[in-house]
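K.L.:
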Amino acid sequence: MTAPGETPRFRPGVKFRFDPVRQAWMVLAPEKLFLPDEIAVEVLKRIDGTRTTALIVDDLAQAFQAPRETIETDVRAMLADLVQRGAISL
Amino acid sequence: MGLIAELTHRCPLSCAYCSNPLELERASAELDTATWLDVLDQAAALGVLHVHFTGGEPMARKDLTQLVRRAAELELYTNLITSGVLLDDRAMDALMAAGIDHIQLSLQDIEPEAGDRSGGLKGGHAKKLAAAERIRAAGLPLTLNFVIHRGNADRTAQMLDLGEALGATRIEIAHTQYYGWGLLNRGALLPTFAQLESATAAVEAARARFGARIAVDYVVPDYFAARPKACMGGWGRRFINVSPSGKALPCHAAETLPGFAFPSVREVSLADIWTGAEAFQRFRGVEGAPEACRSCERVEIDWGGCRCQAFALAGDASRIDPACVLSPDHALMRQAIEAADFDAPLTPRLIRR
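Chains D and W are the protein sequences, given in the same order. Mind the numbering: the first sequence is residues 1 to 90 in the numbering used here, read in order. Mind the numbering: the second sequence is residues 91 to 443 in the numbering used here, read in order.
#1: Since residue 19/D meets chain A, which of its residues come closer than 9 Å, beta carbon to beta carbon?
#2: Have a look at 274/W, 302/W, 245/W and flag the residue whose alpha-carbon is nearest the alpha-carbon of residue 260/W.
#3: Just checking: is the beta-carbon of residue 82/D within a distance shorter than 9 Å of some beta-carbon in chain W?
#4: What's the gap between the Cα of residue 380/W and the Cα of residue 410/W?
#5: To which residues does DSSP link residue 308/W through a beta bridge?
#6: Report the neighbours of residue 12/D on chain W: residues whose CB is nearer than 7 Å to its CB, in chain order.
#7: Closest Cβ-Cβ distance between residue 33/D and chain W: below 9 Å?
#8: Quick one: what does DSSP say residue 319/W is sitting in, helix, strand or coil?
#9: Identify, in the order they occur along the chain, each residue of the same chain with its Cβ nearer than 7 Å to the Cβ of residue 162/W, setting aside the five sequence neighbours on each side.
#10: By Cβ distance, which residues of its chain are closer than 6 Å to residue 334/W, with the 5 residues on each side in sequence left out?
#11: Does residue 213/W pass the burial test, meaning 16 or more other C-beta atoms within 10 Å, or should it be called exposed?
#12: Is the Cβ of residue 259/W closer than 9 Å to any Cβ of chain D?
#13: Which residues in the same chain as residue 126/W place their Cβ atom closer than 8 Å to its Cβ, once the five residues preceding and following it in sequence are excluded?
#14: Starting from residue 427/W, trace the alpha helix (DSSP H) in both directions and tell me its first and last residue.
#15: Helix, strand or coil, according to DSSP, for residue 350/W in the structure here?
#16: Tell me where the beta strand (DSSP E) around residue 433/W begins and ends.
#17: Answer yes if the region 249-256 of chain W comes into contact with the region 273-283 of chain W, meaning at least three C-beta pairs across the two stretches below 8 Å, and no otherwise.
#18: By alpha-carbon positions, which one of 427/W, 362/W, 320/W, 238/W ends up nearest to residue 392/W?
#19: In three-state DSSP terms, what is residue 443/W?
#20: Just confirm the distance between the C-beta atoms of residue 425/W and residue 413/W, as a whole number of angstroms; I'd bet it's less than 8 Å.
#21: Nearest to residue 20/D by alpha carbon, out of 263/W, 325/W, 139/W, 106/W?
#22: Leaving out the 5 sequence neighbours to the left and right, which residues in its chain are closer than 6 Å to residue 52/W when beta-carbon positions are compared?
#23: Mind checking whether residue 268/W and residue 308/W have CB atoms under 9 Å apart?
#24: Shortest alpha-carbon distance to residue 289/W belongs to which of 273/W, 184/W, 240/W?
Structure representation (structure tokens):
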């Protein structure tokens, strides 16, 4: 599980970008790609290598007018999944 | 969807397991820079996401940096597949400035003598180690590729150790694929069953030790398999391979197949090739799989296996891949293993000038 004070960043060689042909956000790595769902896209857009998990949660709670606790649980689970997939490190 | 840009067949190495065709294309036949730039533009518009610059040795092309820069501007994921022997400080800086995303570096063995013998280039191994260091120092993720065969498979565990020591984040242990020069030298390259087992055990042990830290990809040899591989993720489904002279192929080995008219990117647009060319449609999807495969539960996993292997071994590209136990030609695999001659001389891959 991830901690609020950690700073998620994309691992070297990982690209997160919008594909105009498919009209979709995607995560690209050397021999793979995956299409993050809408919520994951919102999290990934906020990963800049300086913001902590806590700050990302704050921002999302405000942007979506949702309870912070719910967002935090979702974000931490999602970050753990992205770490497992090799897309980000903490 | 990926573009495999085979920029050249020229290479300072002469590995006997090279998967390039026996009829190597000469420098004079290669596409020029403007045509490659146009191919990259077309690829991005078509929805290609990854571009793999390969060869031969792609760094033998003087315009490589220019091509990488264009691909990066198009937001394509740029992957360079290289032997590393030309990757000096200047080349590394230029690639970084151009926006390279990832480099896959090949190693032939774990130490200089065996590595240089296998690659046919004196001093090559040392240059590769230096290249690995440069890639790391530049902040790129390092993928190392080891092709294994009879002559080096016993050192698989040490290859994985070397990869770890060099700071790789991904290590490919790939059994030789028997196409092109690899097929020509098959008798001397096929591993024994005991070698296969110990290589597999070494991979499994390393995976357990590395965890998420280093990914280990393992390409198993068809000749010992019960089921075929999903060659290229299926014919004409995930890749367009453009040869040095501009032929568009569903895979790099397809050029050997008779009865095909592979279109040239000099004459036909990439979009028309992808959606319209008969050569890309013939074996595409379930409809294009060998008839007996279409009702198989694995058809959407392996698409009937490799068409080039069916042709190379059974003489007909539309047959079931002999790697499958259900193929009437499956015995050909065992016969090849039994006929392997470990004392046979290797024919190095060389361009006849």
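Positions of the beta carbon are idealized from the N, C-alpha and C atoms, including for glycine.
P.N.:
In terms of the structure at hand:
#1: Looking for chain A here will not work: the only protein chains present are D and W.
#2: Taking the second sequence and counting its residues from 1, one reaches residue 260/W at position 170. Out of 274/W, 302/W, 245/W, 302/W has the C-alpha closest to the C-alpha of residue 260/W.
#3: Start at 1 with the first residue of the first sequence, and residue 82/D comes out as number 82. Cβ-Cβ to chain W under 9 Å: no for residue 82/D.
#4: Along the second sequence, read from residue 1 onward, the residue named residue 380/W stands at position 290. Along the second sequence, read from residue 1 onward, the residue named residue 410/W stands at position 320. Roughly 6 Å between the two C-alpha positions.
#5: In the second sequence, counting from the first residue as 1, residue 308/W sits at position 218. 263/W, per the DSSP bridge assignment.
#6: Taking the first residue of the first sequence as 1, we reach residue 12/D at position 12. Neighbours of residue 12/D in chain W, taken as residues whose beta carbon is under 7 Å from its own, are 229, 230, 231 in chain order.
#7: Translated into the one-based positions of the first sequence, residue 33/D becomes position 33. Output row for residue 33/D: interface = yes.
#8: Along the second sequence, read from residue 1 onward, the residue named residue 319/W stands at position 229. The answer is coil: DSSP assigns residue 319/W none of H, G, I, E or B.
#9: Start at 1 with the first residue of the second sequence, and residue 162/W comes out as number 72. Only residues of its own chain outside the window of five on either side were considered, and among them 168, 188, 189 have a CB closer than 7 Å to the CB of residue 162/W, listed in chain order.
#10: By 1-based counting over the second sequence, the position of residue 334/W is 244. Non-local beta-carbon contacts of residue 334/W in its own chain, meaning distances under 6 Å to residues more than five positions away in sequence, involve 96, 98, 99, 115, 120 in chain order.
#11: By 1-based counting over the second sequence, the position of residue 213/W is 123. By the neighbour-count rule (16 or more Cβ atoms within 10 Å), residue 213/W is not buried but exposed.
#12: Within the second sequence, the letter at position 169 stands for residue 259/W. For residue 259/W, a Cβ of chain D is located within less than 9 Å of the residue's own Cβ.
#13: Counting from 1 along the second sequence, the entry for residue 126/W is found at position 36. Within the same chain, and ignoring the five residues on either side of residue 126/W in sequence, the residues whose Cβ sits closer than 8 Å to its Cβ are 95, 97, 153, 157.
#14: Walking along the second sequence from the start, residue 427/W turns up at place 337. Where residue 427/W is concerned, the enclosing alpha helix (DSSP H) stretches over 421-429.
#15: Against the second sequence, residue 350/W aligns to sequence position 260. Residue 350/W: coil per DSSP, three-state reduction.
#16: Indexing the second sequence from 1 puts residue 433/W at position 343. Boundaries cannot be given for residue 433/W, as no beta strand (DSSP E) includes it and DSSP labels it neither H nor E.
#17: Because the criterion of three Cβ pairs below 8 Å is not met, the region 273-283 of chain W and the region 249-256 of chain W do not touch.
#18: As a working mapping, residue 392/W is identified with position 302 in the second sequence. In terms of CA proximity to residue 392/W, 320/W leads the group 427/W, 362/W, 320/W, 238/W.
#19: Taking the second sequence and counting its residues from 1, the one referred to as residue 443/W is at position 353. Low confidence applies to residue 443/W: its pLDDT is 45, below 50, so where it sits in the model is not reliable, and the reading given next is rough at best. In this structure, residue 443/W counts as coil in the three-state DSSP scheme.
#20: As a position in the second sequence, residue 425/W is number 335, starting the count at 1. As a position in the second sequence, residue 413/W is number 323, starting the count at 1. Incorrect: roughly 13 Å between the Cβ atoms, too far for contact.
#21: The count along the first sequence starts at 1 and reaches residue 20/D at position 20. Ranking 263/W, 325/W, 139/W, 106/W by CA distance to the CA of residue 20/D puts 139/W first.
#22: Past the boundaries of the shown model lies residue 52/W; chain W is included only from 91 to 443, so the question cannot be answered.
#23: As a working note, residue 268/W is residue 178 in the second sequence. As a working note, residue 308/W is residue 218 in the second sequence. Cβ distance not < 9 Å, so residue 268/W and residue 308/W don't count as in contact.
#24: Translated into the one-based positions of the second sequence, residue 289/W becomes position 199. Residue 240/W is the option with its Cα nearest to residue 289/W.
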